[in-house]
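Worksheet: one structure, shown below.
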Amino acid sequence: MPSWTATRIRTLKGASPIVCVTAYDFSMARIVDEAGFHLVLVGDSLGMTVLGYETTLPVTMEEMLHHTSAVARGVGNALVVADMPFMSYHSSISTALENAGRFIKEAGADAVKVEGGKVRSRTISALTQNGIPVLGHIGLTPQSLLAMGGYKIQGRKPAEAKQLLADAASLDAAGVFAIVLECIPSELAREITAAVSVPTIGIGAGPHCDGQILVLHDVLGLHGAAAPKLKFVKQYAALGKLAKDALLNFKQDVEQGSFPSAEHSFQ
Ligand code: KIV
509 MPSWTATRIR
519 TLKGASPIVC
529 VTAYDFSMAR
539 IVDEAGFHLV
549 LVGDSLGMTV
559 LGYETTLPVT
569 MEEMLHHTSA
579 VARGVGNALV
589 VADMPFMSYH
599 SSISTALENA
609 GRFIKEAGAD
619 AVKVEGGKVR
629 SRTISALTQN
639 GIPVLGHIGL
649 TPQSLLAMGG
659 YKIQGRKPAE
669 AKQLLADAAS
679 LDAAGVFAIV
689 LECIPSELAR
699 EITAAVSVPT
709 IGIGAGPHCD
719 GQILVLHDVL
729 GLHGAAAPKL
739 KFVKQYAALG
749 KLAKDALLNF
759 KQDVEQGSFP
769 SAEHSFQ
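Heads up: take any position in the sequence shown, counting from 1, add 508, and you land on this note's numbering.
In structure tokens:
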């Protein structure tokens, strides 16, 4: 059991900011946990960040289970949340229960994340009533990319804002322990945060949420030359450049015969 359980994270609403980030493997998960984050999301963003797909749509249950197990092995204190991939919870409630159960039983996750609002509330109720903590996710939901017609800020029009408020209320009623708000105007995020009983976790949703989450590769500058330019991201390091420079130095040492030296050789 992690020290940051879903119920404990819920109690942080209005008391202390909730800090969350994605991770996809053992070593990074261990670093995130050592840094004292409350929640580690094994996001289906791994489709792009580590598997090289163009979107999250092709990500499979098996890929998510594989990476979730690795992350769970690296984490001791944070809550490990597995992102349910596209079409793993859509066809029926029993499919959703079966797949969410696999994340808990086989991969060691502590909770799952499900995209969507009111339309998913029956599924989410079934999960929470069967003992699986759920993190909701509304606003820009990347698994609905085709239906949304691209990655666009959501909730700018009054009707969209009203729908998002209703979605947040139905997730709250369905028993989620927190709700991710992605790419919505700050004032709408403030309104939703005030309206629901559970914490909101923002990504591109401004400063009024109860917590914040970013994608690990964006925070650490781990993308190569093709780094996406996203207004809501603050990059705290340039590890991609550091890694490339280190590899160029290693390559040069080998080419020039200066590695391995006596220091790195057995006598
Ligand atoms: O997949 C992911 O990384 C996410 C976060 C951006 C919230 O859903």
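Ideal Cβ placement from N, Cα and C applies to all residues, glycine included.
Whole-number beta carbon distance between residue j and residue i, since they are thought to touch under 8 Å
i	j	result
H645	V627	Incorrect: roughly 12 Å between the Cβ atoms, too far for contact.
T557	P650	About 12 Å separates the two Cβ atoms, so there is no contact after all.
V579	A531	5 Å
A523	P641	Actually they are not in contact, since the Cβ atoms of A523 and P641 sit about 19 Å apart, beyond 8 Å.
L696	A669	5 Å
V589	A619	5 Å
I711	I661	About 12 Å; that fails the 8 Å criterion.
P715	S694	7 Å
G748	H772	About 26 Å separates the two Cβ atoms, so there is no contact after all.
F767	F774	So it is not a contact: roughly 15 Å between Cβ atoms.
Other residues of its chain near residue i: CB distance less than 7 Å, five sequence neighbours each side excluded
i	result
A703	L673, A676, A677
E699	L673
D680	V704, S705, V706
N638	L605
R664	P693
Sequence-distant residues of the same chain with beta carbon closer than 6 Å to residue i, five excluded per side
i	result
Q743	G729
S596	M569, N607
T636	V642, G683
D552	T564, V567, D591, P593
V727	Y744
F740	G712
Neighbourhood of residue i by C-beta distance below 8 Å, restricted to the same chain and skipping five residues each side
i	result
I709	I526, C528, L547, L643, A686, I687, V688, L689, C717, D718, G719, Q720, I721
R610	M569, L573
I601	R630, T631, A634
N585	P510, S511, W512, D541, G544
V550	T530, A531, Y532, M572, H575, T576, V579, V588, V589, A590, D591, A617
S535	G582
E562	M556
E614	L573, S577
Y659	L648, P650, L653, C691
Buried versus exposed call for residue i [16 or more other C-beta atoms within 10 Å across all chains shown]
i	result
H725	buried
F545	buried
M656	exposed
D541	buried
A713	buried
A509	The sequence shown places Met at residue 509, not Ala. Exposed, since its Cβ has fewer than 16 Cβ neighbours within 10 Å.
A770	exposed
A604	buried
A745	exposed
A751	exposed
G624	buried
L755	exposed
L654	exposed
Checklist entry - For the 8 Å Cβ check, are there 3 or more pairs between the segment 512–519 and the segment 575–583? => result no
Next on the checklist: Check whether the segment 756–768 and the segment 578–597 are in contact - that is, three or more C-beta pairs closer than 8 Å.
Outcome noted: no
Next on the checklist: Which complete alpha helix (DSSP H) runs does the segment 633–669 hold, if anything under 4 residues is left out?
Outcome noted: 653–656
Item to check | Minimum length 4: unbroken alpha helix (DSSP H) runs contained in the segment 693–757 | outcome: 694–703, 724–728
Item to check | Ordered list of beta strand (DSSP E) runs contained in the segment 564–610, each at least 3 residues | outcome: 587–591
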